[in-house]
Amino acid sequence: MKKIAVYPGSFDPITYGHVDIITRGLRMFDELIILVAYNPNKASLFSVQERMDLVRAVIRDEHVRVDCSSGLLVDYVKNMGANVILRGLRAVSDFEYEFQMALINRRLNRDIETVFLMTGYQWFYTSSNLIKEAASLGGSVKGLVPDIVNDRLEQIFAKAKE
Ligand code: PNS
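If you count by the working numbering, then the sequence shown holds residues 138 to 299, one letter each, in order.
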């Protein structure tokens, strides 16, 4: 049977930390579904469509599917015929939030397991939020995000300054 995992996140925008988890996840699973999970009431920098487009532009692998959903994650996972949620874990600060999410998801559906991969040490201090903040203030985030994402961030924040 095909081992399918769903890798959910906001991906606002995709960073090299995400790319690291995806690359390593592909060694463990036959197929990865990268799920741009969004909350219509939550503000984001990139639209859902652009977040998906950026993921697709960065990750070109026949074993990867990119999708979006604003619904309950465990329902999405079940509907896709998967039973694993893949998440990356950075330093200690992520632990409590991730632990809570894994437990609530397990309570919601006991057939679905959350699997964590430790983020590569180069990406331990990066997050989409910090990257957006640095870029918005004119800081360089080159090397932390794929070039196509860096270009878009520069465009967005250059426009905001005009
Ligand atoms: O990249 P993020 O913002 O840390 O990802 C969080 C995400 C999208 C995985 C989480 O908010 C989520 O699972 N949302 C889907 C809605 C849901 O099922 N919520 C209940 C379980 S937390």
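Every residue, glycine too, gets a C-beta built ideally from N, C-alpha and C. On a predicted model such as this, the values are computed, not experimentally measured, just so you know.
Do you know whose CA, among the options, lies nearest residue i's CA?
| i | options | result |
| --- | --- | --- |
| ALA180 | ASP157, ASP149, ARG202 | ASP149 |
| MET238 | MET138, GLY146, THR256, LYS140 | GLY146 |
| LEU182 | TYR234, ARG227, ILE151 | ILE151 |
| ASP231 | PHE261, VAL211, PRO283, LYS215 | PHE261 |
| ARG224 | PRO177, SER207, ILE170 | ILE170 |
| LYS139 | SER264, VAL156, ARG289, PHE166 | PHE166 |
| PRO283 | ILE141, LEU163, VAL156 | VAL156 |
| GLY280 | GLN259, GLU299, ASP204 | GLN259 |
List the endpoints of the continuous alpha helix (DSSP H) containing residue i.
| i | result |
| --- | --- |
| LEU290 | 284-298 |
| ILE159 | 153-165 |
When DSSP builds the beta bridges, which residues end up paired with residue i?
| i | result |
| --- | --- |
| GLY146 | VAL173 |
| GLU187 | GLU187 pairs with nothing; no bridge assigned. |
Between which two residues does the beta strand (DSSP E) containing residue i stretch?
| i | result |
| --- | --- |
| ARG202 | 201-206 |
Between residue i and chain D, is the shortest Cβ-Cβ distance under 8 Å, so that the two count as touching?
| i | result |
| --- | --- |
| MET217 | No chain D appears in the structure shown, which is made up of a single protein chain. |
Beta strand (DSSP E) runs wholly inside the stretch 223-278, at least 3 long, in chain order: 250-255
Contact between the stretch 240-255 and the stretch 266-273: three or more CB pairs below 8 Å? no
If contact is defined by three or more beta carbon pairs under 8 Å, each pair taking one atom from either stretch, is the stretch 240-250 in contact with the stretch 210-230? yes
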